[in-house]
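The listed protein sequences derive, respectively, from chains A and B.
Take any residue in the first sequence, count from 1 to its spot, add 14: that is its number in my numbering.
Take any residue in the second sequence, count from 1 to its spot, add 11: that is its number in my numbering.
All C-beta atoms in this analysis are idealised placements derived from N, C-alpha and C, irrespective of residue type, glycine included.
This structure is a prediction, so every number in the text was calculated from the model and none was measured.
To start, the structure under review is shown below, and the notes come after it.
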Amino acid sequence: MVRPLGTAGRVPARVRIVIPILGALLGAGGAGAAMLPSPSLCASAAEAGHVALVVEHGDGSIVTRCVAFSGTSISGEEVLRKSGLGYGTASFSGLGDAVCQIDREPPAYTSCLPTTGDYWVLFSARPGGAWTEASTGISSQTFHSGDAEGFRYDPISGADPPPSQSPAGVCLAATSGTPGAAASTPSGVNPALVAGLVVAGALIVLAVAQLVLRRRHP
Amino acid sequence: MNPRALAVWSAAGLVIALSTGNPAYRAIVLLCGLNLVAARGRPGVSARPLLFGAGIAALIATLLTLLLSHTGAHVLFRLSPGIPAIGGAFTLEALAFGLATGLGIAAVVLAVAPLTLVCEPHELVDALPRPLARTGAAVGAALNLIPGTIRSAREIRDAQRMRGWRAGRVADWPAVAVPVVLTALEGSLTLAEAMEARGYGAQSRTHLATTAWRAGDTAVAVVSGSAAAMFLVLRFSGGAPDWYPFPLLSAPPVTIAAISCCACLVIPVLWPRR
């Protein structure tokens with residue numbers, strides 16, 4: 015087949031328009047994500063440590079956070095405070111503070127450790143290890159980088175099973191050094207969320223461009 | 012685009028949309044589906060009815076969740092608890108969960124829609140594996156009878172009305188139903204005879220190879236299949252966190268790796284047309 019001169023390797027008009035738009039939007043998104051505050055990456059020099067937090071509510075819903083901290087260790091209560099989740103504690107001398115309420119569960123309480131009903135059970139896990147039920151309160155717990163703190167809202171009677179979600183992966187990118195993990199710190203914007211919005215925006219622009227092209231060149 | 016590559020793409024979209032409740036990932040799958048339909052839809056085939064149906068289904072899911080789920084911290088308004096089923100607090104969390112459910116339905120529809128909006132029906136039948144070829148042809152022929160049956164039902168109803176028939180009691184309906192069934196049976200027999208006259212069932216089927224497998228199809232199948240597999244790995248290792256708005260609404264957690272997997276579904280749009 016004889017191909018007309020000047021058409022060899024010619025890129026279709028649709029691709030010529032679509033690729034620069036997508037590239038520009040993704041590039042802008044990447045640049046935007048790179049300019050975001052570094053603490054949310056869990057990877058800044060100032061806050062080099064990170065602890066995974068897993069909270070399992072009574073209805074089975076699970077909230078996870080990757081909490082960044084500076085220094086060599088952080089207390090269990092500080093992890094909860096930095097996670098941004100609301101919580102309430104009560105002090106038990108000798109054992110430290112017990113957690114009475116997390117994330118508005120229970121909505122109200124008169125006794126932190128009731129004789130019947132549910133209460134928050136505290137667990138900890140070392141890097142790569144399984145959940146272990148804590149024998150002291152959160153203020154007496156110390157966590158190092160890579161550790162995990164877990165809570166499960168569980169009936170006070172009977173056994174206390176650990177959270178159903180493993181801490182592995184909560185700080186995936188933070189531990190591997192890849193930016194944009196499921197990290198979520200109280201301050202700053204999650205760059206992965208920004209990237210997601212940019213991708214969604216790019217896809218919307220792309221769809222509109224396709225429709226416009228289709229109308230012009232049916 | 013080869014229907015088999017498109018089937019792999021659809022399966023990948025379904026896997027991602029159904030394996031997570033996170034609206035962020037579902038939205039990207041939906042947008043990729045929209046892009047594919049916009050870029051590669053068959054000329055003369057409108058996607059509007061399907062999009063309209065998906066929108067209605069998503070709206071119903073959102074409303075039902077809002078009406079029936081009374082969990083959540085942020086109360087928008089309350090109805091008297093005495094009203095059965097829907098009485099109680101209407102919460103922002105329930106609304107968000109309903110929207111996410113509706114988004115999931117729309118994403119699933121848009122993941123499958125390209126199979127009918129991009130490919131010709133005969134291409135889909137041709138793409139079936141050999142053991143399913145006869146079943147596929149029979150199911151395809153049966154599905155093709157549905158519009159014809161609806162059309163004949165309308166015609167028979169109009170004809171009966173002209174003879175004075177009125178839709179009233181159930182006992183009046185056989186006057187329309189019996190001719191419709193007989194017409195459908197007659198149509199089926201005619202179709203069966205036509206298929207037999209064309210050699211259906213005599214020997215293995217031959218067809219024109221109008222949709223050859225090309226490099227672009229390989230790229231679509233490999234990239235979308237890998238993206239779905241990677242998403243599943245991320246999903247079960249905690250790298251693609253799920254989202255649950257109860258008891259307190261929060262932004263959906265996302266990771267760049269999971270978003271990249273979802274965004275890979277745009278590959279059929281970027282690949283140049285053959």
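- Here DSSP, grouped into helix, strand and coil, assigns P256 of chain B to coil.
- Under the Cβ criterion of 8 Å, T127 of chain B is not counted among the residues facing chain A.
- The alpha helix (DSSP H) runs lying completely inside the region 36-91 of chain B and spanning 4 residues or more are 59-79, given in chain order.
- For the region 247-263 of chain B, residues whose beta-carbon sits nearer than 7 Å to a beta-carbon of chain A comprise S248, G249, G250, P252, Y255, F257, P258, L259 and A262.
- Under a 10 Å Cβ-count criterion, E207 of chain B is classified as exposed, with fewer than 16 other Cβ atoms of the shown protein chains found around its own Cβ.
- DSSP, read as helix, strand or coil, puts E204 of chain B in helix.
- Taken in chain order, the whole beta strand (DSSP E) runs of length 3 or more contained in the region 82-156 of chain B are 86-90 and 99-102.
- Measuring C-alpha to C-alpha distances from E70 of chain A to each of B:Y255, B:S271, B:V277 and B:A268 identifies B:Y255 as the nearest.
- With contacts defined by Cβ atoms closer than 8 Å, A239 of chain B and A50 of chain B do not form a contacting pair.
- In the three-state reduction of the DSSP assignment, L136 of chain A falls in the strand class.
- According to the DSSP assignment, A162 of chain A belongs to the beta strand (DSSP E) that extends over A162 to P169.
- Taking 8 Å as the cut-off, the Cβ atoms of L77 of chain B and F101 of chain B count as close.
- Contact check for G63 of chain A against A112 of chain A fails: the beta carbons are separated by 8 Å or more.
- Going by DSSP, R79 of chain A is part of no alpha helix (DSSP H) but of the beta strand (DSSP E) stretching over I76 to F83.
- In the DSSP secondary-structure assignment, L276 of chain B is not bridged to any residue.
- Residues of the region 26-46 of chain B whose Cβ lies closer than 7 Å to any Cβ of chain A, in chain order: A35, A38, I39, L42, C43, L45 and N46.
- In chain order, A112 and G151 place their CB closer than 7 Å to the CB of F106 of chain A, counting only its own chain and leaving out the 5 sequence neighbours on each side.
- Annotated three-state conformation of T129 of chain A is coil, per DSSP.
- Residues of the region 81-102 of chain B whose Cβ lies closer than 9 Å to any Cβ of chain A, in chain order: T82 and A84.
- Listed along chain A are A221, Q224, L225 and R228, each with a C-beta nearer than 8 Å to that of A49 of chain B.
- Our two residues, R174 of chain B and A186 of chain B, have alpha carbons roughly 11 Å apart in a direct line.
- When C-alpha distances from A68 of chain B are compared across B:G109, B:L143 and B:H81, the shortest belongs to B:G109.
- Ranked by Cα distance from S235 of chain B, the first of B:W282, B:P263, B:A105 and B:L200 is B:W282.
- Around the beta carbon of F137 of chain A, 16 or more other beta carbons sit within 10 angstroms, so the residue counts as buried.
- With a beta-carbon spacing of about 6 Å, P177 of chain A and W145 of chain A fall inside the 8 Å limit used to define contacts.
- Below the 7 Å Cβ cutoff, chain B contributes I39, I270 and A274 as neighbours of V213 of chain A, in chain order.
- For S159 of chain A, the closest Cβ of chain B is not nearer than 8 Å.
- If the five residues before and after G227 of chain B are omitted, its C-beta is found closer than 6 Å to the C-beta atoms of W282, all from its own chain and listed in chain order.
- In the three-state reduction of the DSSP assignment, S199 of chain B falls in the helix class, which pools H, G and I.
- DSSP places T266 of chain B in no alpha helix (DSSP H); its state is neither H nor E.
- Taking 9 Å as the cut-off between beta carbons, the residues of the region 95-112 of chain A near chain B are L99 and G100, in sequence order.
- For I267 of chain B, the closest Cβ of chain A is nearer than 8 Å.
- By the C-beta criterion, the region 141-156 of chain B is judged not to be in contact with the region 111-123 of chain B, since fewer than 3 inter-stretch pairs fall below 8 Å.
- In the structure shown, the three-state DSSP call for D111 of chain A is strand.
- Comparing alpha carbon positions, the residue from B:L41, B:T127, B:L17 and B:A18 closest to A28 of chain B is B:L41.
- For the pair of segments examined, the region 213-220 of chain A was found to touch the region 30-44 of chain B: the number of CB pairs separated by less than 8 Å reaches three.
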